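Below is one structure, written out as structure tokens, with a few remarks after it.
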Amino acid sequence: MINIFLLWFSIYFGYCFGSDFVRLSYGDIKGKTTKYADKTVYEFLGVPYAKPAVGKRRFTPPLPFESEDWYDQPYNATYPRNGCYQNTKNFSLPGLKWTHPSSIAEDCHHVNIWRPNSHNGGVLVVFFDILHMRGSGTLKELNGGFLAAKTGLIVVTVSYRLSIFGFGYLNREGREYLTGNTGLLDQQMSLRWVYENIEKFGGNRKTITIAGFGSASKLVTAHLFSTKSHKYFSRIFASSETITSMWSYNSRKVAEKATLEVAYEVGCKNNSDYDIYHCLLKANPYKLAVAAEKLMFRGNFPFQYGFNVINYDSVFFNGNLVTKIKERNMKEDFIFFGSKSKNIGALFLAMFIDGSDFGFKIKDSVSNTSYSSFKVSYSQFKTFTKVINKHLGLKDYELKKIYEKYFKVSQAKKIKDFRSIVVKMISDIYFNVGMEKFVYDITYHTLCKKAYFYEFSRISSGDRLLFPEWVLPMPGSEVEYFFGNPFTLSYKYNKKYVKLDQKASYKMMMLMKEFVTTGKPGKKWYGVKRSTSKIVVVGDNEFCKEKPKKTSKASFYSYKIKRLIQFLPKEFKLQI
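When you line the sequence shown up against mature numbering (1 follows the signal peptide of the UniProt record, and there is no 0), it's residues -18 to -1, 1 to 558, in that order.
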């Protein structure tokens, strides 16, 4: 009897934890065995976590995948499936060409799972997108095999609906034909799937950590304010953005106007919501994605006109997000690990803000990589502040108070180039203020068990080949280090410095490993405290030392940040 039990035990665990075959409650999955860094990793690619969002389900909340949806034979999880619909034409900036998948389809609700043969049970679920317009769990830059091999973590990447498919809204006549925030519901459904199934892969669901890179950073923090998401994760990593930032969400009015404009663009010019909705169901999905992105670029970034999280819904937040933030009605007892980007405002300045008015052209920032390119005159600076104040609605004396945090107003006409000032203002006002206040609040009000925070200032040798120095480091560029890109995609880096990038990448992977498995990025990392005045800086020099460097130049929740908060509006309302 004992021998029979041992035989069953070895077969079961061989199937589930030591092979590329996994038996789920509703069917079997057959993945493939691969090698990363000379270690065995089992890949399970393109595994469905929800019913396909096709036909009449194009815009509806996702439905869970069930037994009757499965297949008579083991599901073939040996190759990645399509990403969700988006514009696949390259961005003008060469460094962002990798952000869209090679193939797209409406049937895109899939997860990719990498389980190392020697794993520690830690589970990392990664979301990535750019401006909720581009991104996918199938990108080669997000291949989790190397990360899994080096850390022992089970790595999961997720594809979810973007653009009008994930954030469209339509309800002029008392019926929500498009509910808004369906992209967040897709994420929630994927987290439910991981929570219910990851133990079959050998994972410990008590360690599930959700990580957001790019614009998905704010999306993962949104799950803190959705009750249905709470039990599906215990730790969270957010890179540079949070849902509590004033520009991280739009009103239903803005989302609905964007939806109607896209509908008109693709020929859905009917009067009633019913007719428009059914026209959108039949419209070419690629034309919808292209029209939605075209609409987005009409805005003055970082203000996001077009498709964004809506702040009031009946499906995800189940109420008013702004009220929840004010009342601190959110998940508690989680562990937070976040970062801010030293220079995040530069990319938005280079790409989006009123190029015609300011004379800012994307080609200038790409073709001329010298530091002297892309200057901002005093006249352009005043135009810039006028444009952003259209949305902020500040009085003249309040604007002057903000100016004084960055330069002496009396000396303004003597300043030859305001570019660095504009970059700092964008970085602080629209990113750092929100992120740092969020970390401070969850710490001060003891909403989280612990919070760790750092400033990312490392510049990739690959980015140095593509961007002018003043744009760097690229926001969200941590993702390439966490996923081991300097090892797996070394051709994208400067041969002379790739070893340094690899060293940095290894260190970053170890930070994530420690955080997922222990709840702390490293033994010598200290959590944020009320009295914290300095933060860890992750940059070019810090990887030469075992102990993370602390510097007075990178203060957490500094006096400047606190003063800015006094003058900024508590709630941002996009002017349309």
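Glycine included, C-beta positions come from ideal geometry on N, C-alpha and C.
These numbers were taken from a predicted model, which means no experiment stands behind them.
Inter-residue spacing [alpha-carbon to alpha-carbon] between residue i and residue j
i: D2; j: A130; result: 15 Å
i: G416; j: V510; result: 16 Å
i: L471; j: F26; result: 21 Å
i: L263; j: F279; result: 24 Å
i: I258; j: A87; result: 22 Å
i: I292; j: E238; result: 10 Å
i: E418; j: S7; result: 43 Å
i: Y294; j: N232; result: 9 Å
i: V404; j: F363; result: 7 Å
i: T81; j: Y463; result: 16 Å
i: Y412; j: S227; result: 7 Å
i: Y388; j: P457; result: 21 Å
i: K324; j: F438; result: 6 Å
i: K182; j: A240; result: 42 Å
i: D51; j: M171; result: 16 Å
i: N163; j: R174; result: 17 Å
i: R40; j: F147; result: 7 Å
i: P34; j: K12; result: 20 Å
i: P455; j: M491; result: 19 Å
i: L303; j: Y57; result: 39 Å
i: Q68; j: S141; result: 12 Å
i: G288; j: F319; result: 29 Å
Residue i - containing beta strand (DSSP E), residue span
i: R446; result: Element bounds for R446: not the beta strand (DSSP E) but the alpha helix (DSSP H), S443 to R446.
i: P30; result: K21 to P30
i: P98; result: H92 to P98
i: K14; result: K14 to Y18
i: S472; result: Neither: S472 is in no beta strand (DSSP E) and is coded neither H nor E.
i: A193; result: T191 to G196
i: A220; result: R217 to S221
i: F3; result: F3 to L6
Which residues DSSP lists as bridging residue i, in chain order
i: Y53; result: Answer is none; Y53 lacks a bridge partner.
i: C430; result: F316
i: V105; result: I136
i: N232; result: I292
i: D483; result: Note: D483 sits in no beta bridge, so no partner.
With 16 other Cβ atoms within 10 Å as the buried cut-off, status of residue i
i: F47; result: buried
i: N94; result: buried
i: R116; result: buried
i: H427; result: exposed
i: G65; result: buried
i: K132; result: buried
i: L447; result: exposed
i: D89; result: exposed
i: S222; result: buried
i: S296; result: exposed
i: K306; result: buried
Reference residue i; option with closest CA among the options
i: K474; options: L78, V36 and R310; result: L78
i: T191; options: L106, A59 and N153; result: L106
i: G501; options: I411, L270, D315 and K210; result: D315
i: Y488; options: E460, T70, I424 and D295; result: E460
i: L242; options: F330, S230, V404 and H260; result: H260
i: K431; options: K269, Y508 and K396; result: Y508
i: N99; options: K14, V29 and A220; result: K14
i: H101; options: A19, G156 and G184; result: G184
Residue span of the alpha helix (DSSP H) that contains residue i, given as start and end
i: D423; result: V415 to Y426
i: G165; result: T164 to N179
i: D257; result: D255 to K264
i: L303; result: L303 to E309
i: L121; result: Where L121 is concerned, there is no enclosing alpha helix (DSSP H), given that its DSSP letter is neither H nor E.
i: V405; result: R401 to S409
i: V510; result: Run containing V510: none; DSSP gives neither H nor E here.
Proximity test, residue i beta-carbon vs the ligand MG heavy atom, cut-off 7 Å
i: F215; result: You won't find the ligand MG in this model; it holds no ligand whatsoever.
Residue-chain proximity (residue i, chain B), Cβ-Cβ < 8 Å
i: F183; result: You won't find chain B in this structure, because it holds only one protein chain.
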